[in-house]
Amino acid sequence: MPVQLQFRDVTLGYDRHPAVHHLSGEIGAGALLAVVGPNGAGKSTLFRGIIGVLKPLTGSISLGGVDIRDIAYLPQVTDIDRSFPISVFDFVGTGLWRATGFFGGIGKAQREQIDRALLAVGLTGFENRNIGTLSGGQFQRLLFARVLLQDARLIVLDEPFNAIDFRTAADLLALVKRWHAEGRTVLAALHDMDLVRTHFPETLLLAREAVAWGATAQALTSEHLEEARRMCEAFDDSAAACVADIPQRAA
Amino acid sequence: MSFQAVLIAPFTEFEFMRRALAAVVALSLGGAPIGVFLMLRRMSLIGDAMAHAILPGAAIGFLLSGLNLFAMTAGGLVAGFAVALLAGVVARSTGLKEDTSIATFYLTSLALGVTIVSIKGSNIDLLHVLFGNILAMDDQTLLLVAINATITMLVLAVIYRPLVIESVDPLFLRTVSGASAPAHLMFLALVVINLVSGFQALGTLLAVGLMILPAGISRFWSRDVTGMICIAALSAIVSGYAGLVLSFQTHVPSGPAIILVAALLYLGSVLFGRSGGVVRQMFPAPHLEA
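Chains C and D supply the protein sequences, listed in that same order. In terms of the working numbering, the first sequence opens at residue 27 and continues consecutively. In terms of the working numbering, the second sequence opens at residue 3 and continues consecutively.
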C-alpha cells in the first residue's frame, strides 16, 4: 500500500507547548483510520497540522503527492457564520470550488452533482432554505454533502458524529464507508469506542504522543486506554525546552 | 408649487444639481454592495473607523498643496490603504481580532492627522474636509467618483465567489484555495476607494453613511445576498435623490439631508420590513402545517 501521509518526528502546538509531541509514522493510501484519545490529546491539533492550518513546531508532514488543497476537512468546531444569507444548495455547491474556481459556471451537470450529494445525506427538499434554518444534525449532513462534492483523496473528519442522533450517525457512517470503498484515505477523530471497533480497521490512540497505532483490536487494549487516560492535560508553564529529538515511540 | 417644479426642475435648471445626482448614483452603485458585505462580515463599524483613518491622509495632502483634489485623494488613499493593509496583515498573522487591530491603526493615524492639521489650521477648508460638498462637484471629482464606482463593480465581480465563501466559512476557503487572503485584502481596498469617493461628496464623518444605511435597509427586505445588493443600491440612489431635493428646497446641507432620508428609509424598514421587521413580528402570519 503506498503511503498517503507520513509524519516525521512531528511536534505541533501552541505557544511552544506541544499538543502533539514527537509523532512519527505513516498512514497508507486508502486507509480508514480512527484517531481516538481523551480530550486535549491533540486530535484536532494533528488534523490542523495535516491540512496545513497549523505549522509544525518541529518535524514535517508529507502528503504523499496529494495537493494540500485536495484534502476535505470537516472541523469539529466550525467558524461558519450560520446567519449568513446563503441557501443550502449554494453552500453545498461551494464544495465544487476546485472544479469551478472563481468563475466556473454551475451548469446542469454541477446541479445534478449537488442534487445527488444532497440526496446522499438526506437533505433533498432543503435546497432553497437558508443554512441558518437547519438543526445541528441537519447542518452536519450539510457539511458531509460538501465533503462529498469536494471529491478529495484525503478526507479528515474531526468528531463528525458528535451530538447527532442515531439515524443521522448511521447515514453519515455509511458515507464514510463508501469513501473507504472508493479507495479514499479517511481519518476520523472519534470517541465512541464501539463504533471504532466495529467499523474502523486501524486506530491511532493519541495522548499527545502516540500511545498505540495499528490494527484497531491491538491498539484499543485496556492497558493502552489506561495509559492514554493518564496523560496530563495541562501545559506546564515552567517546562524546560524539549531536548529529546528522538521519537518517544515509533509506530 | 407643482410636482414637476419640486422634484424635477432643480435638476433640469441647475448643472450643479445634475452633477450631484450623477455623483450620488455612482456612489450608490459602488458603495451599496460594499456596505452589504461590510454588514454581513460584521465590519460596519470598521468601515466607519477606516473613514476616520482617511482624514489624516487627506489632511497631509491639504497641508502640502492646499485644497487640491489629487493631493488630498492621494493622501486619503495612502492613509486608508496603509491602515487597511496593516490591520489586515496584523490580524492574519497574529491572534489579534481585526476590529481591535483596525482600531489601533486608525486611532494612531487619526492622532497623527490632527497633529498635522494643527500645524496649519484653516477652519473653513477643514469644514469642507469634514462634511464634503456634493453640490460642488467639479469635473475631476465627478470623474474620480465614477472611476471608483466602476473599479468597485469590476473587482467585486471578480472576487464575488471567494468573498462570499470567505464570509460564510473562512476556514473552508483557506483549505481549498489560496484566494482567501487576496480576496479579503482586495475587499478592504474597495472599502477604502469607496470611502475616498464618499469623502469627497459627504465628508469624512458621513462617508460611510451611503454604504451602511442602505445595507441595513436591505437586510429587512431580502434573504439572499444578490437581493440585498440590489435593494441596497436602489435605496441608496433613492436616498441620494430625495436628499438632494430636500436639501435644494429647504437649504438643509446636502450630505446630512441624504443620510437623514436614508435613515428614514431605514426606520421604515425596521418597522415594516418583510424579513424580520417589527410590525411583521408583532402580527405574524399563521404558522404552516409542515
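The C-beta atom is built at its ideal place from N, Cα and C for all residues, glycine as well.
For the region 59–90 of chain C, the beta-carbon criterion of a distance under 9 Å to any beta-carbon of chain D is satisfied by ILE77, GLY78, VAL79.
C-alpha of D/ALA244 to C-alpha of D/LEU212: approximately 13 Å in a straight line.
Counting C-beta atoms within 10 angstroms of its own C-beta, C/LYS69 has 16 or more neighbours from the protein chains shown and is therefore classed as buried. Taken in chain order, the complete beta strand (DSSP E) segments of 3 residues or longer contained in the region 153–235 of chain C are 180–184, 211–215, 228–233. By the CB criterion at 8 Å, D/LEU165 and D/PHE133 fall outside the cutoff.
For a cut-off of 8 Å, the C-beta gap from D/THR252 to D/LEU146 is around 28 Å, too long to register as a contact. For the options D/SER4, D/VAL227, D/ILE153, the alpha carbon positioned closest to that of C/ASN156 is the one of D/VAL227. No Cβ of chain D is located within less than 8 Å of the beta carbon of C/PRO186. Distance from the Cα of D/ILE195 is smallest, within the candidate group D/ARG20, D/PRO216, D/LEU29, for D/LEU29. Rounded to whole angstroms, the Cβ separation of C/LEU175 and C/ALA143 is 5 Å, and the two are in contact under 8 Å.
The three-state reading of DSSP puts C/PHE33 in strand, counting E and B together.
Chain D places no beta carbon closer than 8 Å to that of C/THR194, leaving this residue out of the contacts. With a 10 Å radius around the Cβ and a threshold of 16 neighbouring Cβ atoms, C/SER109 comes out exposed.
C/PHE187 sits close to C/LEU216, with the two beta carbons spaced by under 8 Å.
Bounds of the beta strand (DSSP E) holding C/SER50 are 43–54. For D/PRO216, none of the residues of chain C pass the 9 Å Cβ criterion, the least Cβ distance being about 16 Å. Against chain C, the beta carbon of D/MET230 has neighbours under 9 Å at PRO111, listed in chain order. C/ALA238 has C/LEU231 as its beta-bridge partners, per DSSP. Nearest Cα to D/ARG94 within the set D/LEU173, D/ALA264, D/ALA113: D/LEU173. In this structure the region 158–165 of chain C does not lie against the region 124–133 of chain C, because fewer than three pairs of beta carbons, one per stretch, are closer than 8 Å.
Judged by their CB atoms, D/ALA34 and D/ALA234 are nearer to each other than the 8 Å cut-off.
Contact note: C/THR120 reaches chain D through ARG163, VAL166, ILE167, VAL170, ASP171, PHE174, LEU175, VAL178, using a C-beta cutoff of 9 Å and chain order. Straight through space, the alpha carbons of C/THR37 and D/MET155 are spaced by roughly 46 Å. Residue-level contact check: D/LEU47 does not touch chain C, since none of the beta carbons of chain C fall below 8 Å from its beta carbon. Only exposed fits C/PHE129, as fewer than 16 other CB atoms lie within 10 angstroms of its CB. Remark: fewer than three beta-carbon pairs, one from each stretch, lie closer than 8 Å, so the region 227–242 of chain C and the region 189–204 of chain C are not flagged as touching. For the set C/PRO111, C/LEU145, C/ALA60, the Cα lying nearest the Cα of C/ALA214 is the one of C/ALA60. Going by beta carbons, D/GLY78 and D/PHE201 fall inside the 8 Å limit.
With contact defined as three or more Cβ pairs closer than 8 Å, the region 13–30 of chain D and the region 76–83 of chain C are not in contact.
Residues of chain D whose Cβ lies closer than 8 Å to the Cβ of C/PRO101 are, in chain order, LEU173.
Within chain D, the residues ASP171, LEU173, PHE174 have their CB atoms less than 9 Å from the CB of C/THR104, given in chain order.
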